[in-house]
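Residue numbers (the working numbering): 108 to 222.
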Amino acid sequence: MLSGRLPARIEASAVKRLMFSTEVVETDGGTEHRNGRWTEPRAEWDVTIPPSKRTADEYLDTVAMFDAAEGSYDTFLFHDPVSCVDIEVRFKDDMLTMQGVGNLVTLSFTLIEVK
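Listed below in structure tokens is the structure:
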């Protein structure tokens, strides 16, 4: 686990989602069978950071954290703004979306809870 963190204002802007993993199989006779793979929900956070909501340093720190984590490879602590606790997370994907030009770049990424 990395010792670094995302900037506090970036963490506070995250939108939380809870999800389960359920497999639903429909038989030839039309009956459904469900298999719940997890006994408790797993959390994801979507983060979109427009230039108006961050400083240049927060932008650089976020990109540096993504680089240090090598995308989805390594984990780090994230302060969940909903439950107000620190949770071990990783980037969900190996890409950090950057849209815009120069100082007007919007960053987008998803974090996922590590169990």
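We treat Cβ as the ideally placed atom computed from N, Cα and C, and that holds for glycine. All values reported here derive from a predicted model rather than from experimental measurement.
- Closest in C-alpha terms to residue 213, from the list 147, 159 and 125, comes 159.
- The C-alpha of residue 197 lies about 18 Å from the C-alpha of residue 165.
- Excluding the 5 residues flanking it on each side, residue 127 has same chain C-beta neighbours closer than 6 Å at 145 and 148, in chain order.
- Contact check for residue 176 and residue 183: beta-carbon distance about 6 Å, within the 8 Å limit, so the pair qualifies.
- Counting C-beta atoms within 10 angstroms of its own C-beta, residue 218 has 16 or more neighbours from the protein chains shown and is therefore classed as buried.
- The shortest CA-to-CA distance from residue 161 to any of 178, 120 and 138 is the one to 120.
- Of 115, 203 and 151, the smallest CA-CA separation from residue 222 is found for 151.
- Membership of residue 172 in the alpha helix (DSSP H) is indicated by the continuous run 163-176.
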